[in-house]
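2 protein chains.
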Amino acid sequence: MTYIGHGGKPIVERVLEKEKAKDAIQGLTQIPVRRQIAHEAISLSYGFFTPLEGFMKWEDVNTVCAEMRLSDGTVWSIPILFDINAEKLKELEIKEGDSVLLTYIDAPLAIMDIEEIYDCDKLTVCQAVYGTAETKHPGVRRTMECEDKFLAGKVTLVNEPKFNEPYKTFWMTPKQHIDAMKEKGWEHMVAHQTRNVPHTGHEWLMKGAWFAANEDLMVDELRTGVLVNCIIGEKRVGDYIDEAILLAHNKLNEARYFRPDVHMVTFTLWDMRYAGPREAIFHSALRTNLGCTHHMFGRDHAGVGDYYDTYAAHHLLKSVKDDLRIKPVFVLEWWYCPVCAEVTCSALCGHTDEKQKFSGTLIRSIIMDGVKPTRLILRPEVFDTVMECAEKYGFGSPFVTEKYLAERQPIFTLEKMEVGKA
Amino acid sequence: MTYIGHGGKPIVERVLEKEKAKDAIQGLTQIPVRRQIAHEAISLSYGFFTPLEGFMKWEDVNTVCAEMRLSDGTVWSIPILFDINAEKLKELEIKEGDSVLLTYIDAPLAIMDIEEIYDCDKLTVCQAVYGTAETKHPGVRRTMECEDKFLAGKVTLVNEPKFNEPYKTFWMTPKQHIDAMKEKGWEHMVAHQTRNVPHTGHEWLMKGAWFAANEDLMVDELRTGVLVNCIIGEKRVGDYIDEAILLAHNKLNEARYFRPDVHMVTFTLWDMRYAGPREAIFHSALRTNLGCTHHMFGRDHAGVGDYYDTYAAHHLLKSVKDDLRIKPVFVLEWWYCPVCAEVTCSALCGHTDEKQKFSGTLIRSIIMDGVKPTRLILRPEVFDTVMECAEKYGFGSPFVTEKYLAERQPIFTLEKMEVGKA
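Structure (structure tokens):
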């Protein structure tokens, strides 16, 4: 079995077996990392960011910013950076050629082979990636908050994360995604990018994209599936809690709004950058590495505020689509139409005066009221799941609160391991 | 503007201008033809059956039967035959190389240049085309009822049919179809084959196929349309009347269940052969000649009784799809699901125990009751249209009766023209 990912490059898992890992980490200089870096080290190690095997070098950051390509020509849109405080770096006496141990919440996580230590103009990165340097853009703010020195180098996981439920059920490495796809007999798999609890508009958006992805197939050999790949990462107050996102999407499957043989829910650890069109390019690379042949992209994909045109992501994708191994499916708006008496699509339904758009605000207010809405807007099983998640994981709320941010159950835990002093 | 049709061959219109026609028909031997032959002469002359420009020669009939190809290798599935009574032929003293005038309902219709006069084993044709020689198969019966001699040769229309309303509104030649497609800005056009009044199952079947055909497109440049191309030809008692089929489909557009910019209704003159998979191949050639890039094919396409497997048409299409210029879209079953509370698709909805299939019988009984059904089954505007057609065209019935067969308004009329005696 060969696993080929974005850019036609093999998917490489950089994960040490436990016994080898124990030896390998002995005596290494330790660098404690924050959540984002830990998540990205995990993603890099399993091949989610193929062809990247580590944090990016200056040359790659430079071409990614200027040309939206790695220095080898592979399309890549978002720098994957490891920033470090200059004084801390000095204090640790790290130099190029060293190997260091990244630790997270007091446990070893990954070895990083330092290939380069460099400076990087964060403003240039922001302008290139986000098209703006305004710090009210959350991606810009995140970049500008980085420390001033950057480390490049491959990472190797030494301590695989143990995911807690409900995450454990939905965790798959890229290779496991591809194996699952083969096992299900899917020749095509279309990715749905989400951080939302699904209403029927989302459901039909996925169903419509399934048709677009279902090329060349006989009816008696259905070989197309929808991969709902949730983004689990930084949360903001008012977001849906992660547990509700995963379990509500899976409920569409359990309650048979999707046949189980055409639908699968998983997640990727990633902090949204809100980079709009550039984030769409990143998503297409990411989902290529999960085996997807198609990826849906809607209006305002991964955008924020009014930084990007409604269909900017579509245009950017079209400009590089010959260099992608995944086919963008440009999805349309689905709305509830009282004349059609059903959920229908902006491209097909002509009752534009009567249409009732699904707004996030509307659905939120429905959920906050706690009154079960019509099944044509939100499936009752989904509603119940969201309410259960609120009780079980959200301290009574399906939306992120300060309390959730402070006290939520961890997504994964890391085993403690003995590490000798450097 | 070049018009390329099935087999990559140019679409040729063989139609004489009135003045030239008047001269050309003088003194020709006349052969009065029945409705089927008249319809096929019209279709041949306008290029509906491209690359055919006339009734088929023996060599082509032979390879069509044996290999499902014309003698030049082009995929073709159904012989287009001109049969004539042996004694009549003798009496008319027609020989190869002659030109004759085909007349219909006492008016000149087309000139036929007789290239060949031949015998043909009708049983062999039946076995090859229908897979059976049982005369209870309507296609077999039609073939076996043919006379014993066959004429081959190109036909040229000398008297263009004047279509009566409502047909006139929906009549387009192949070139006009292609012009209309260009005018609408469609890059893709997916054909829906029908002899039915549309219920919501048909509507969603078309909508689902639209997604499948809508390849590679940006949302802000919608360039895909649905062509509802109704088959108008031989009717049987109990069929929907032709007027209701056309007007009901168009009502979906007028009442905006389809946006007018993604939907168009036309018709083709053709007597259904019920040849199942072979008829599907014919349909793909026919709709290629109307400019279609895609064609939907459902269960039991153009079949009858239990002569063909449910998906036999899909398999035969797949076997020759590289030789077609049109892409088959294998459409799935759409049903009403009370759990989803909407029309949904067998490939996606897992509520198989609860599903409510759209049966023709059910819809007929709804229409016969004359009680307006729920808009999720049959659109109220469609229902009203069918009832209006019953009054206006059907002698009170939306279904074909003996009275309709005998007294229906003609689809088209032919101008009288002076013809000198041979």
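Chain order of the listed sequences is U and B. Per the working numbering, the very first residue in the first sequence carries number 3; after that it's consecutive. Per the working numbering, the very first residue in the second sequence carries number 3; after that it's consecutive. For glycine and all other residues, C-beta sits at the position ideal for the given N, C-alpha and C.
How would you call residue 244(U), buried or exposed, if buried means at least 16 neighbouring beta carbons within 10 angstroms? Within a 10 Å sphere around the beta-carbon of residue 244(U) sit 16 or more other beta-carbons, which makes this residue buried.
Bridge-paired residues (DSSP) for residue 198(B): DSSP lists no partner for residue 198(B).
Does chain B have any CB closer than 8 Å to the CB of residue 50(U)? No, no contact with chain B.
Check residue 353(B) in the structure and name its three-state DSSP category. For residue 353(B), the three-state secondary structure derived from DSSP is coil.
What in chain B is Cβ-close to residue 305(U), meaning under 9 Å? Near residue 305(U) there are no residues of chain B at all, since even the closest Cβ is about 15 Å away, more than 9 Å.
Quick one: measure Cβ to Cβ for residue 17(U) and residue 162(U), integer angstroms, because I've assumed they're closer than 8 Å. The beta carbons of residue 17(U) and residue 162(U) sit about 6 Å from each other, so the pair counts as a contact at 8 Å.
When DSSP builds the beta bridges, which residues end up paired with residue 156(B)? In DSSP, residue 156(B) forms a bridge with 56(B).
Using a Cβ-Cβ cut-off of 8 Å, state whether residue 294(B) counts as contacting chain U. Residue contact with chain U for residue 294(B): absent (no Cβ-Cβ distance below 8 Å to any residue of chain U).
Buried or exposed for residue 371(U), going by 16 or more other Cβ atoms inside 10 Å? Exposed: under 16 other Cβ atoms inside 10 Å.
Close beta carbons around residue 125(U), own chain, < 7 Å, minus the five adjacent residues each side: Closer than 7 Å at the Cβ level, and outside the excluded window around residue 125(U), lie 135.
Report yes if the C-beta distance between residue 318(B) and residue 287(B) is below 8 Å; otherwise report no. Going by C-beta atoms, residue 318(B) is not nearer than 8 Å to residue 287(B).
Residue 128(B) vs residue 85(B) beta-carbon contact at 8 Å: Taking the C-beta atoms as reference points, residue 85(B) is found no nearer than 8 Å to residue 128(B).
Thinking C-beta only, is residue 254(U) closer than 8 Å to residue 377(U)? Taking a C-beta distance under 8 Å as the contact criterion, residue 377(U) and residue 254(U) do not qualify as a contact pair.
Would residue 310(B) count as contacting chain U if we go by Cβ distances under 8 Å? Output row for residue 310(B): interface = no.
Measuring straight from C-alpha to C-alpha, what distance separates residue 311(B) and residue 304(B)? For residue 311(B) and residue 304(B), the distance between alpha carbons rounds to 11 Å.
Since residue 337(U) and residue 357(U) are thought to touch, with beta carbons under 8 Å apart, how far apart are those beta carbons, to the nearest angstrom? Residue 337(U) to residue 357(U), Cβ: 4 Å. Contact.
Report yes if the C-beta distance between residue 257(B) and residue 383(B) is below 8 Å; otherwise report no. Yes. Within cutoff.
Within the continuous alpha helix (DSSP H) that includes residue 344(U), where are the two ends? That residue, residue 344(U), is in no alpha helix (DSSP H); its beta strand (DSSP E) goes 344-347.
Reducing DSSP to helix, strand and coil, say where residue 101(U) ends up. In the structure shown, the three-state DSSP call for residue 101(U) is strand.
Residue-chain proximity (residue 352(B), chain U), Cβ-Cβ < 8 Å: At a cut-off of 8 Å, the C-beta of residue 352(B) has a neighbouring C-beta in chain U.
List the whole-angstrom C-beta distance separating residue 23(U) from residue 111(U), where the pair is believed to meet the contact cut-off of C-beta under 8 Å. In fact, because the Cβ distance is near 10 Å, the residues do not count as touching under 8 Å.
Rounded separation between residue 160(B) and residue 35(B) - CA only: Distance between the alpha carbons of residue 160(B) and residue 35(B): 15 Å.
Would a C-beta distance cut-off of 8 Å place residue 412(B) and residue 166(B) closer than the cut-off? Less than 8 Å divides the Cβ of residue 412(B) from the Cβ of residue 166(B).
Are residue 271(B) and residue 328(B) close, meaning C-beta to C-beta below 8 Å? Against a cut-off of 8 Å, the Cβ pair of residue 328(B) and residue 271(B) comes out as no contact.
Apart from the five residues on each side of it in sequence, which residues of its chain come closer than 8 Å, Cβ to Cβ, to residue 407(U)? 237, 239, listed in sequence order.
Can you grab the Cα-Cα spacing for the pair residue 397(U) / residue 203(B), in whole Å? Going by the C-alpha atoms only, they are around 44 Å apart.
So is residue 188(U) in contact with chain B if we call contact Cβ pairs under 8 Å? No, residue 188(U) lies away from the interface with chain B (no Cβ there is under 8 Å from its Cβ).
Within chain B, the residues that residue 212(U) reaches when beta carbons sit closer than 7 Å: Ordered by position in chain B, the residues that pass the 7 Å Cβ test against residue 212(U) are 350.
Tell me the rounded alpha-carbon separation between residue 31(B) and residue 150(B). Their backbone Cα atoms lie some 20 Å apart in a straight line.
Given that residue 216(U) touches chain B, what residues does it touch there, using C-beta distances under 7 Å? Chain-ordered, the chain B residues with CB closer than 7 Å to the CB of residue 216(U) read 214.
Please check the pair residue 1(U) and residue 137(U), which I expect to be a contact at CB under 8 Å, by giving their CB distance rounded to whole angstroms. The first residue shown for chain U is 3 and the last is 424, placing residue 1(U) beyond what the model contains.
Which bits of chain B does residue 224(U) rub up against, with CB to CB less than 9 Å? Result: 334, 349.
Would you please verify whether the beta carbon of residue 122(B) is less than 8 Å from any beta carbon of chain U? No, residue 122(B) does not count as interfacial toward chain U.
Measuring only the C-alpha atoms, how far is residue 465(B) from residue 51(U)? Because chain B is modelled from 3 through 424, residue 465(B) falls outside the range shown and cannot be assessed.
Let me check understanding here. Comparing Cα to Cα, which of 199(B), 404(B), 67(B) lies closest to residue 391(B)? Residue 199(B) is the option with its Cα nearest to residue 391(B).
Within its chain, find whatever has a CB closer than 8 Å to the CB of residue 394(B); leave out the 5 residues flanking it on each side and keep chain order. 245.
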